Each structure stands twice: as C-alpha cells, then as structure tokens.
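A short write-up of the structure that comes next.
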Amino acid sequence: MPLPRRAFLACLAATGYALAAAPLAASPIVTPDTGLEQGDALVFTEDGFRLPVYWARPAKAGGKWPVVLVVQEIFGVHEHIRDVCRRLARQGYFALAPELFVRQGDPRGKADVKAILADIVSRVPDRQVMDDLDATLAWAGQHGGDRARAGVVGFCWGGRIVWLYAAARPNLKAGVAFYGRLAGKQDTLTPRQPLDVAGELKVPVLGLYGGKDEGIPQADVDAMRERLPASGKIVVYPDAGHAFHADYRASYQSVAAGDAWARTLQWLQQMGVGG
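In mature numbering (1 follows the signal peptide of the UniProt record, and there is no 0), the protein residues as written are -20 to -1, 1 to 255.
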C-alpha cells in the first residue's frame, strides 16, 4: 500500500535528499566513503558569519590536495551534492560544498520548487555567493588544500555561479558549468549574467548543456559559445534535457551524464587542477 504523503516526505528527508526533488529515481549513485575523510565544518566568512560546508578528501596523509569547490543546485547541499564531493575526493581532490543559501533559508525542507525559488533563491545576492566561495577556498587552504590548484564545478543554479565566479576570480585554474542559466534579469542582487561576462573570462570554463533543456534556450547556448575566449568550451548533448546529470531524478540520462563526468575530470586535470 502506498505511503501517505506526509510519511513519504519524511522517508525522503531521511535519505538526505531535498523534499522538492521527489520523486527519486530508483537507484541513485552512492559513492562509498572508504579511503576518504569527510565531514561538516563551519567556515568563518569575512563578515563573521559561520558558513556550513561539507567536505571530502582522500585519507592519505602528506602533501596538499588540489581543491574543487562544488556549487549546489536550488535544493542545497543535499545528498546528491555530497555524493559529488565524494566522487571528486576519490579522484584525489579536496572537494567542498558550502551551504550558499543558509542565510536565506534551508531549501531541503521545502516540498515545492516554486516556494524554494520565491522564498530563498530569489533573495540570494551574487556578491554574497562570491564571498562565501572565497571563504570556503581560504578554509581549504588552511586545512590541506592547495589554493594554487583550485577549480569550481556547479549544477543548475550552481552552473550559473561557475561562470560568474570564474569571471571574478582569474586565479582559478578551471571551471565546469553543468546546465547553468546564461541569461536572466539584472538587478541589485544579480547585476550580471554569464552572457555579460563571457568576454572577460580568463579562466577556462567547460559548459555542459542539454539540447532539450526547456529552461535554457539553445540561442543562449549558441551566443555563449560565440562570446567565449578560445580557452573555453561548450558541449551540448542533443537528446538530453535539464538536470541530465542528476542521477537521483527522473531527468537523469546515464550516457550524457557519464560522458559529461568524464569530460569534467579530464578538464580539471588538463587545466592544472589535478596532477
């Protein structure tokens, strides 16, 4: 007999996934933590705020680990984002995912996407996000991370942030943006969009997009490709929609996701984050 909705949502929350991510796919990828160190930290930001951050890295002692900042979807740092950190850690990276919405609210407990967008995401200033990523990177450097070999990977909302952070922080080695929005409103919280900063990029960014993404027009993807410097690259998977890498959702497409992840690791390595 099906569970009542309240019981179902309680079970979903217990798995560590955001309520609004329902329905979950039958078998989301679960990366074991064997051979890893992982944990939750509180990182002090420039304004004295204590920012929650999930981190994972190889358990081997000695040396400094290359750093990858992992930027969340609208659902926050739920289990999928944590798993992405563990995947990167198993490849030799010090991966960190800061809770970038925490000042505005916790999206994981909301069951409605529209409520998340209206009540939380729409209130998050880009400047705050940039500063919080800076604080996370600084904390990584104080705890075994090599800030000279740092990159950023983001998904959906986080994919947009990758473009902006790469434009604002030329000392990064690389960025990878999974289906990040490229155009949108400009106001005091979001004064610029990725299409506005494309020509300023000095950091090589790989953009990964779905040809059937109903939320990101192909015209925007084509315009971004035209404006990118030679060091950047955009790959479009013609048959993929939005969130094709989200293995916990029905939108997941294993072929496109597998290729995109392989390209991500290759890009980070090639651009000097790993190795």
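Cβ coordinates follow ideal geometry from the N, Cα and C atoms, glycine included.
Note that the structure is a prediction, hence the values are computed from the model and not measured.
With distance defined between alpha-carbon atoms, name the residue in the options nearest to residue i.
| i | options | result |
| --- | --- | --- |
| residue 251 | 183, 3, 149, 102 | 183 |
| residue 210 | 66, 196, 186, 223 | 186 |
| residue 234 | 245, 220, 244, 246 | 220 |
| residue 33 | -2, 112, 213, 199 | 112 |
| residue 130 | 149, 137, 140 | 149 |
| residue 42 | 53, 56, 72 | 72 |
| residue 138 | 158, 124, 128 | 158 |
| residue 171 | 140, 195, 190, 201 | 140 |
| residue 246 | 99, 85, 195, 68 | 68 |
Please state whether the Cβ-Cβ distance between residue i and residue j is less than 8 Å.
| i | j | result |
| --- | --- | --- |
| residue 232 | residue 60 | no |
| residue 188 | residue 115 | no |
| residue 75 | residue 119 | no |
| residue 77 | residue 50 | yes |
| residue 181 | residue 144 | no |
| residue 253 | residue 109 | no |
| residue 193 | residue 225 | no |
| residue 88 | residue 135 | no |
| residue 79 | residue 101 | no |
| residue 125 | residue 44 | yes |
When the Cα atoms are used, what is the spatial distance from residue i to residue j?
| i | j | result |
| --- | --- | --- |
| residue 160 | residue 15 | 32 Å |
| residue 95 | residue 151 | 36 Å |
| residue 38 | residue 146 | 25 Å |
| residue 40 | residue 165 | 45 Å |
| residue 13 | residue 176 | 40 Å |
| residue 19 | residue 103 | 28 Å |
| residue 2 | residue -5 | 12 Å |
| residue 31 | residue 106 | 16 Å |
Which word fits residue i, buried or exposed, when buried means at least 16 other C-beta atoms lie within 10 angstroms of its C-beta?
| i | result |
| --- | --- |
| residue 24 | exposed |
| residue 92 | exposed |
| residue 62 | buried |
| residue 10 | exposed |
Mapping the DSSP letters down to three states, classify residue i as helix, strand or coil.
| i | result |
| --- | --- |
| residue 149 | coil |
| residue 70 | coil |
| residue 208 | coil |
| residue 126 | strand |
| residue -13 | Note on residue -13: pLDDT 34, under 50, position unreliable in the model; no value is reported. |
| residue 213 | strand |
| residue 52 | coil |
| residue 248 | helix |
| residue 12 | coil |
| residue 38 | strand |
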